[in-house]
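Notes follow once the structure below has been shown.
In my numbering, the protein residues as written are 47 to 348.
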């Protein structure tokens, strides 16, 4: 048999070849569609589009996601969850070095032995919010348990504020007109649920307790991603005026990340402030309104 005829013995008829090609293309298309279906939700979680955050803000107007500010007002709020820890002072040093403030959300179970650290946060011009007693999903807790935790952490936060502004023994007298006693700044009533998930039941409870639920719209997922460079890049690519940035204490990579982010934000003309300070910058028509005692629970007492 001539050699030229051998390949023909193993070649599929053209009709079968076309059918096999179509099947391969169909399979590849299905795999591509499946990959897209998996990647789009992941991408929306990692980098939520602004339209999605705006939708959440309309859907749950009592939850703070971001604050509309006047055009050209480059101001953002920085929030730090899971405070205090052995890394809080490093984070505070990064903030102080950049002239920035933040809202530190406190886990009550981490406070014993670190009371002075919380007082240092307040003295620096930053503020404290409530993150319940333990690092656990707050949404899963019964109302009575969650309320008890919130109230217990509220007491610890108040103690930190009192310690921060208490006149040091032997220090100079205060000239505030309060009989030599320094005015005590009361903490804001902000709550961020553990794991970041909430329910209508939780919202009703927080309303009764006088707390405002604070989430945010710029989140580098830094508890899971231990790269200061990648987390910094995420924040800098997502930041916009009025945004609330969510980062975490208790990780050694947070302070190095802030030492990258804060100078760059300053170079871009941004001010990095606490949640209360951001609310005070709200545009009159933005819907959030400036912060008042009724909004945030902030105030002073002798």
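Ideal Cβ positions, reconstructed from N, Cα and C, are used throughout, including at glycine.
None of the values given here were measured: they were computed from a predicted structure.
{"Check": "Can you tell me whether residue 253 is buried or exposed, with buried defined as 16 or more other CB within 10 angstroms of its CB?", "Outcome": "exposed"}
{"Check": "For residue 312 and residue 191, what's the separation of their Cα atoms in angstroms?", "Outcome": "42 Å"}
{"Check": "Taking the straight line between their C-alpha atoms, what separation do you get for residue 148 and residue 189?", "Outcome": "29 Å"}
{"Check": "Expressed to the nearest angstrom, what Euclidean distance is found between the alpha-carbon atoms of residue 244 and residue 65?", "Outcome": "52 Å"}
{"Check": "Exposed or buried, what is residue 327 when buried is set at 16 or more other beta-carbons lying within 10 Å of its beta-carbon?", "Outcome": "buried"}
{"Check": "I'd like to check one pair, residue 321 with residue 236: are the Cβ atoms closer than 8 Å?", "Outcome": "yes"}
{"Check": "Determine whether the beta carbon atoms of residue 133 and residue 296 lie at a separation below 8 Å.", "Outcome": "yes"}
{"Check": "Three or more C-beta pairs under 8 Å: does that hold for the stretch 145-165 against the stretch 118-132?", "Outcome": "yes"}
{"Check": "From which residue to which residue does the alpha helix (DSSP H) around residue 301 run?", "Outcome": "300-313"}
{"Check": "Going straight from the alpha carbon of residue 114 to that of residue 289, what length do you get?", "Outcome": "8 Å"}
{"Check": "What residues match up with residue 175 in a beta bridge as DSSP calls it?", "Outcome": "151"}
{"Check": "For residue 292 and residue 258, what's the separation of their Cα atoms in angstroms?", "Outcome": "16 Å"}
{"Check": "Give the C-beta separation of residue 299 and residue 269 to the nearest angstrom, bearing in mind that I take them to be a contact with Cβ-Cβ under 8 Å.", "Outcome": "Their Cβ separation, rounded to whole angstroms, is 10 Å, which puts residue 299 and residue 269 out of contact at 8 Å."}
{"Check": "So with Cβ pairs under 8 Å, would you call residue 137 a contact of chain C?", "Outcome": "The displayed structure is made up of one protein chain only, and chain C is not part of it."}
{"Check": "Rounded to whole angstroms, what's the CA-CA distance from residue 239 to residue 315? Just pull it up for me.", "Outcome": "31 Å"}
{"Check": "Taking the straight line between their C-alpha atoms, what separation do you get for residue 120 and residue 318?", "Outcome": "9 Å"}
{"Check": "Where does residue 167 fall in DSSP's three states?", "Outcome": "helix"}
{"Check": "According to DSSP, is residue 112 helix, strand or coil?", "Outcome": "strand"}
{"Check": "Answer with buried or exposed for residue 163, where buried requires no fewer than 16 other C-beta atoms within 10 angstroms of its C-beta.", "Outcome": "buried"}
{"Check": "If you drop the 5 nearest sequence neighbours on each side, which residues of the same chain put their C-beta closer than 7 Å to that of residue 206?", "Outcome": "161, 164, 165, 168 and 174"}
{"Check": "Starting from residue 294, trace the beta strand (DSSP E) both ways and give me its first and last residue.", "Outcome": "290-294"}
{"Check": "Are the beta-carbon atoms belonging to residue 261 and residue 109 less than 8 Å from one another?", "Outcome": "yes"}
{"Check": "So, with DSSP's three-state summary, where would you put residue 92?", "Outcome": "helix"}
{"Check": "So residue 233 and residue 203 are in contact, right, with Cβ under 8 Å, and what is the actual spacing, rounded?", "Outcome": "5 Å"}
{"Check": "What's the call for residue 172, buried or exposed, on a 16-neighbour Cβ count within 10 Å?", "Outcome": "buried"}
{"Check": "Along the alpha helix (DSSP H) that carries residue 258, what are the first and last residues, could you check?", "Outcome": "That residue, residue 258, is in no alpha helix (DSSP H); its beta strand (DSSP E) goes 258-260."}
{"Check": "When you compare only the Cα positions, how much space is there between residue 170 and residue 280?", "Outcome": "27 Å"}
{"Check": "Should residue 263 go down as buried or exposed, given a rule of 16 or more other Cβ atoms within 10 Å for buried?", "Outcome": "buried"}
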